[in-house]
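Visitor:
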Amino acid sequence: MRKLIMAAAISAFSTAALAQAAPVDGQITKIDQAQGKVTLKHGPIKNLDMDGMTMVFAVADPAMLKAVKVGDKVKFEADRVSGRLTVTKIAKAN
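Going letter by letter, the sequence shown gives residues -21 to -1, 1 to 73 in mature numbering (1 follows the signal peptide of the UniProt record, and there is no 0).
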């Protein structure tokens, strides 16, 4: 029984690890510093099972928006945080 429980736990952990946020290419089309939101034209976001599109995201830390501007090409990570699609990391692309 213990082996079965351990196998189930390892399987669940592996699935969760695969669903973690991965960097996504995008371009900033709008920044709303006051609301802590950013509009991104982006490629597919696999961990959210989302196709490429342009959409508004909340940002985990509004201070992140000070390092980027409209038109910048970026790499970002997004996830569901308290039920909201949220950018958790963002940086200018090289």
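C-beta: ideal position from N, C-alpha, C; glycine also.
Ordered along the chain, which non-local residues of its own chain (more than five positions away) have a Cβ less than 6 angstroms from that of V35?
Guide: The residues are K16 and T18.
Visitor: Let's see if you can read the secondary structure: which residues bound the beta strand (DSSP E) around I7?
Guide: Note, I7: beta strand (DSSP E), V3 to D11.
Visitor: For the beta strand (DSSP E) containing I69, name the first residue and the last one.
Guide: Start and end: R63 to K71.
Visitor: Leaving out five residues before and five after G62 in sequence, what residues of the same chain have Cβ atoms less than 6 angstroms from its Cβ?
Guide: For G62, where only same-chain residues beyond five positions count, there are no Cβ hits under 6 angstroms.
Visitor: Give a yes or no on whether the C-beta atoms belonging to L44 and Q(-2) are separated by under 8 angstroms.
Guide: In this structure, Q(-2) does not lie closer than 8 angstroms to L44 by Cβ.
Visitor: Excluding the 5 residues preceding and the 5 following L27 in the sequence, name in chain order all residues of the same chain whose CB lies nearer than 8 angstroms to its CB.
Guide: Once the five neighbours on either side are set aside, the close Cβ partners of L27 are A57, D58, R59 and L64.
Visitor: Report whether the distance from the Cβ of V3 to the nearest heavy atom of the ligand ATP is below 7 angstroms.
Guide: The model on display carries no ligand, and the ligand ATP is accordingly not part of it.
Visitor: Comparing C-alpha positions only, which one of V49, V47, P2 and D51 sits nearest to P23?
Guide: Out of V49, V47, P2 and D51, P2 has the C-alpha closest to the C-alpha of P23.
Visitor: Could you tell me how far apart the beta carbons of I7 and V49 are, in whole angstroms, since I believe they sit closer than 8 angstroms?
Guide: Their Cβ separation, rounded to whole angstroms, is 5 angstroms, which keeps I7 and V49 in contact under 8 angstroms.
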